[in-house]
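Colleague: Residue numbers (this note's numbering): 1 to 256.
Positions of the beta carbon are idealized from the N, C-alpha and C atoms, including for glycine.
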Amino acid sequence: MTDDRVVLVTGAARGLGEGIAIRLLRDGWRVVLADVDGASTTARRLDPGSDHAVGVEVDVTDEQACARAVAAAIDAFGRLDGLVNNAGIGGPSTPAHLTDPADFRRVLEVNLVGPFLMTRAAVPAMQGRPGAAIVNITSVLGQRGEARSGAYSASKGGLGLLGQCLALELAPDGIRVNSVAPGNMLTGMHRDHVQSIADRQGWSYDEALAGVRATVPLGRHGTPDDIGDVVAWLLSPDASYVTGQTVAVNGGILLT
Ligand SMILES: NC(=O)c1ccc[n+]([C@@H]2O[C@H](COP(=O)([O-])OP(=O)(O)OC[C@H]3O[C@@H](n4cnc5c(N)ncnc54)[C@H](O)[C@@H]3O)[C@@H](O)[C@H]2O)c1
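(1) Can you determine whether any heavy atom of ligand 1 sits closer than 7 angstroms to the C-beta of E182, and answer yes or no?
(2) Assuming N85 and T10 are in contact, meaning their beta carbons sit under 8 angstroms apart, how far apart are those beta carbons, in whole angstroms?
(3) Give me the Cα-Cα distance between V194 and D51, rounded to the nearest whole angstrom.
(4) When the distance is taken between beta carbons, is T138 closer than 8 angstroms to T246?
(5) Cβ of G252 versus every heavy atom of ligand 1: is any distance shorter than 7 angstroms?
(6) Pull up the distance between the alpha-carbon of I22 and that of L46, whole angstroms please.
(7) Heavy atom of ligand 1 less than 7 angstroms from the Cβ of T256, yes or no?
(8) Buried or exposed: which applies to R105, given that a residue is buried once 16 or more other Cβ atoms fall within 10 Å of its Cβ?
(9) Just to confirm my understanding: we take V113, look at its own chain, exclude 5 residues before and 5 after, and list those with CB closer than 7 angstroms. What are they?
(10) Which residue or residues does DSSP assign as beta-bridge partners of E57?
(11) Where in the segment 61-93 do unbroken runs of the alpha helix (DSSP H), each at least 4 residues long, occur, reported from the N-terminal end onward?
(12) Excluding the 5 residues flanking G163 on each side, which residues of the same chain have their C-beta closer than 6 angstroms to its C-beta?
(13) Name the DSSP bridge partner or partners of N178?
(14) What residue range is occupied by the uninterrupted beta strand (DSSP E) comprising A248?
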């Protein structure tokens with residue numbers, strides 16, 4: 001049991017964020033689902049009684065909107081114990097030196113500045129809450145660069161390091177900060193990535209999907225449940241001596 005603890009999950013309307021919200025609701029958390037689109041609908045679907053989940057429409061690149069999301073958590077549930085910075089966008093699949101600067105900036109803005117703004121808004125509410133914790137969703141591409149992922153890799157590598165800095169800065173408050181680095185999870189974002197491989201190589205979507213799967217040592221794509229399980233652990237007292245770390249959830253692909 002989590003003693004009615006309250007967590008705010010960004011990008012929770014679908015994909016990995018929804019999987020994280022489902023798992024945390026199952027564990028007894030009160031969950032604020034924050035998303036630029038569809039948060040309230042997903043909150044109602046996951047919790048038809050509407051007393052354990054609320055949805056707030058938030059663009060994480062908007063400082064005021066982040067503050068409003070935290071205020072909504074306090075309004076709904078009276079406290080805030082956890083933050084999961086999951087909202088993110090994929091990057092352009094162009095070589096970095098050929099990438100439109102506006103596209104590059106946009107990826108940094110959502111994937112790196114967004115978690116910074118949301119953390120900035122949330123920390124004052126989390127200070128003094130025993131066991132408070134933040135989890136940032138980074139990426140295997142933030143751990144190892146690949147051709148055609150410059151903007152995305154830079155944003156996620158930066159987020160991992162921001163997490164380490166925050167872990168040190170917030171340790172005196174007892175707030176733990178960790179990262180989860182997924183790889184090849186079968187969500188809308190990954191389907192777009194697979195389609196761009198298919199288009200570039202002249203393959204069908206299914207051929208491209210099978211090609212990606214064949215590179216994963218465990219031989220399958222990841223699921224939102226795989227991420228929800230690890231996030232739940234990092235937010236729980238079972239991880240109370242874990243801070244400043246990145247847990248890779250990628251079927252072993254970094255070993256290849
Ligand atoms: N799918 C993968 O293979 C994979 C791998 C590594 C990392 N990730 C990371 O996991 C996280 C979740 O990705 P996903 O695969 O579920 O993607 P997704 O596209 O399915 O979902 C992302 C969610 O974030 C929301 N979002 C986007 N921009 C936002 C903004 N400015 N403000 C608020 N919400 C916003 C979207 O509306 C959407 O609901 C992302 O940070 C992504 O970079 C995914």
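Modeller: Reading it off the structure:
(1) Stepping through the sequence shown from its first residue, residue 182 is reached at position 182. A quick correction: the sequence has Pro, not Glu, at residue 182. Look at P182: its beta carbon is less than 7 angstroms from one of the heavy atoms in ligand 1.
(2) By one-based count along the sequence shown, residue 85 stands at place 85. By one-based count along the sequence shown, residue 10 stands at place 10. Going by Cβ atoms, the distance from N85 to T10 rounds to 6 angstroms, so yes, they are a contact pair.
(3) Residue mapping note: residue 194 aligns to position 194 of the sequence shown, counting from 1. Residue mapping note: residue 51 aligns to position 51 of the sequence shown, counting from 1. Those two C-alpha atoms are separated by around 38 angstroms.
(4) In the sequence shown, counting from the first residue as 1, residue 246 sits at position 246. In the sequence shown, counting from the first residue as 1, residue 138 sits at position 138. In contact: T246 and T138 (Cβ atoms closer than 8 angstroms).
(5) For the purposes of this step, residue 252 is taken as the residue at position 252 of the sequence shown. Residue side-chain check: G252 keeps its Cβ at 7 angstroms or more from all non-hydrogen atoms of ligand 1.
(6) Position 22 of the sequence shown, counted from the start, is the residue given in the question as residue 22. Position 46 of the sequence shown, counted from the start, is the residue given in the question as residue 46. When rounded, the separation of the alpha-carbon atoms in I22 and L46 is 7 angstroms.
(7) Mapped onto the sequence shown, residue 256 falls at position 256. It does not: the Cβ of T256 is nowhere closer than 7 angstroms to a heavy atom of ligand 1.
(8) Counting from 1 along the sequence shown, the entry for residue 105 is found at position 105. Within a 10 Å sphere around the beta-carbon of R105 sit fewer than 16 other beta-carbons, which makes this residue exposed.
(9) The residue you call residue 113 lines up with position 113 of the sequence shown. If we look at V113 and ignore the five residues flanking it on each side, its Cβ neighbours are T61.
(10) As a position in the sequence shown, residue 57 is number 57, starting the count at 1. Paired residues: D35.
(11) Listed in chain order, the complete alpha helix (DSSP H) runs (minimum 4 residues) inside the segment 61-93 are 63-77.
(12) Here the question's residue 163 lines up with position 163 in the sequence shown. Annotation for G163: N136, V177, S179 place their beta carbon closer than 6 angstroms to its own, counting only its chain and skipping 5 residues before and after.
(13) Taking the first residue of the sequence shown as 1, we reach residue 178 at position 178. V135.
(14) By 1-based counting over the sequence shown, the position of residue 248 is 248. Residues 246-249.
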